[in-house]
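To get the working numbering, take the position in the sequence shown, counting from 1, and add 9. For each residue, glycine too, the CB sits at the ideal point set by N, CA and C. Okay, structure first, notes after.
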Amino acid sequence: SVAQSLNTRPHCGPQNEKSMTDKSIVMNAVNKWYGSLHVLKNIDLTVDRGEHIVVCGPSGSGKSTMIRCINYLEEIQSGSIEVNGTQLGHKGGNADHIRREVGMVFQQFNLFPHLTVLENCMLAPRRVRKHSSAEAKDQAMRYLERVHIAEQAHKYPAQLSGGQQQRVAIARALCMDPKIMLFDEPTSALDPEMVKEVLDTMVSLADDGITMICVTHEMGFAKAVAHRVVFMDRGEIIESGRPTEFFSNPSHERTRAFLGQIL
Ligand code: ADP
Ligand code: MG
């Protein structure tokens with residue numbers, strides 16, 4: 010049909026044109042080099058609205074680079090990335106627009122140390138969304154309650170445990186009302202007893218139906234929330250599948266070897 014052919018034609022319209030699909034993220038033949046190091050090799054990945062993807066793979070395989078490319082923290086050299094129907098230009102065109110829709114949580118929390126928890130959560134909504142102070146505060150407190158940390162709102166990051174800081178980082182990202190959340194090993198820097206409180210927060214977000222890509226080796230989390238697990242090695246997506254099949258019957262030798270090490 011005409012509608013189908015419109016939906017499947019290559020991207021050729023103006024950069025801000027909204028596509029008619031239900032795709033949150035479309036990565037098409039993405040390549041990235043650091044100098045002569047080819048870190049992403051022809052990455053194709055499509056994420057549906059509301060889909061939860063877990064990315065795993067050995068250290069150095071390109072997981073962080075891949076998700077950092079999605080909000081233009083890294084530049085790609087070829088291929089295309091489309092986020093909520095907006096194509097990210099190779100030179101960072103539309104990056105600001107896309108970053109407003111994408112929240113990111115890092116391994117090292119990255120909270121501003123000189124701002125309180127509440128101020129950390131209010132900063133971007135005030136500056137970027139131009140929310141009033143009262144509006145930003147209301148919303149920040151709502152999300153801090155949501156991650157069960159509202160009582161710490163007036164503390165500084167250094168006064169909190171790692172697990173608490175990471176929950177603040179999640180609340181801070183949510184304060185921008187992102188349509189997509191990217192997590193890069195959010196529990197890897199935490200003491201074991203704090204991992205669960207952060208994973209529980211992420212499970213509850215997933216239950217709300219937000220689109221999510223999470224780099225993690227927490228396989229219990231993957232089994233609980235992932236629609237798909239993607240395995241990367243040496244810059245390539247080697248295979249992807251539903252968690253049950255992926256864990257019980259991986260097709261590739263490299264995936265089996267990797268799972269053998271972490272499970
Ligand atoms: P992962 O997250 O899977 O551990 P990364 O995406 O961090 O992998 O890294 C992929 C490869 O790119 C690694 O070989 C890493 O050393 C290299 N790399 C990452 N960031 C940079 C950078 N800023 N400059 C040069 N090389 C980098
Ligand atoms: Mg990484």
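Sequence-distant partners of C184 (beyond 5 residues in either direction) whose C-beta falls short of 6 Å from its own C-beta, in its chain, are C130, P134, Q148, A149, Y152.
Rounded to whole angstroms, the gap between the alpha carbons of V207 and T225 is 12 Å. For G101, no alpha helix (DSSP H) encloses it, and the DSSP letter there is neither H nor E. For the pair V156 and A180, the CB atoms are nearer than the 7 Å cut-off. G98 and H106 have their C-alpha atoms roughly 11 Å apart. Of the other Cβ atoms in all chains shown, 16 or more fall within 10 Å of the Cβ of N93; this residue is therefore buried.
Pairing I219 with A266, the inter-Cα distance amounts to about 32 Å. For G98, the Cβ stays outside the 6 Å cut-off from all heavy atoms of the ligand ADP. Rounded to the nearest whole angstrom, the CA to CA distance from D217 to V204 is 20 Å.
Cβ neighbours of D57 within its own chain (closer than 7 Å, five residues either side excluded): D31, K32, S33.
Comparing alpha carbon positions, the residue from S141, H123, R251, F118 closest to D193 is F118. At a threshold of 6 Å, T74 counts as near the ligand ADP, since its beta carbon sits closer than that to one of the ligand's heavy atoms.
Counting other Cβ atoms within 10 Å of its Cβ, T253 stays below 16 and is therefore classed as exposed. Of the candidates H236, H261, M241, Q175, the residue whose Cα lies closest to the Cα of D209 is Q175. In this structure, V238 and F255 form a Cβ contact; the two beta carbons are roughly 4 Å apart against a cut-off of 8 Å. Cβ atoms of F240 and M211 stay farther apart than 8 Å, at about 20 Å.
With contacts defined as CB atoms closer than 7 Å, G101 and A38 fail to qualify as a contacting pair. Just so you know, the alpha carbons of I62 and I79 end up roughly 14 Å apart. K232 and S68 have their C-alpha atoms roughly 21 Å apart. Distances taken from the Cβ of G71 to the heavy atoms of the ligand ADP include one shorter than 6 Å.
V111 is the residue among V111, E83, L82 whose C-alpha sits nearest the C-alpha of T95. Residue nearest to K164 within the set L214, V126, C223 is V126 (criterion: CA-CA distance). T264 and A167 have their C-alpha atoms roughly 39 Å apart. The nearest non-hydrogen atom of the ligand ADP is 6 Å or more from the C-beta of Y152. Less than 7 Å separates the beta-carbon of G244 from that of K50. Only residues of its own chain outside the window of five on either side were considered, and among them G112, I219, M221 have a CB closer than 6 Å to the CB of M190, listed in chain order. Around S142, the same chain offers no residue with a beta carbon nearer than 6 Å, after the five sequence neighbours per side are excluded. Burial of S70 is indicated by the presence of at least 16 other C-beta atoms within 10 angstroms of its C-beta.
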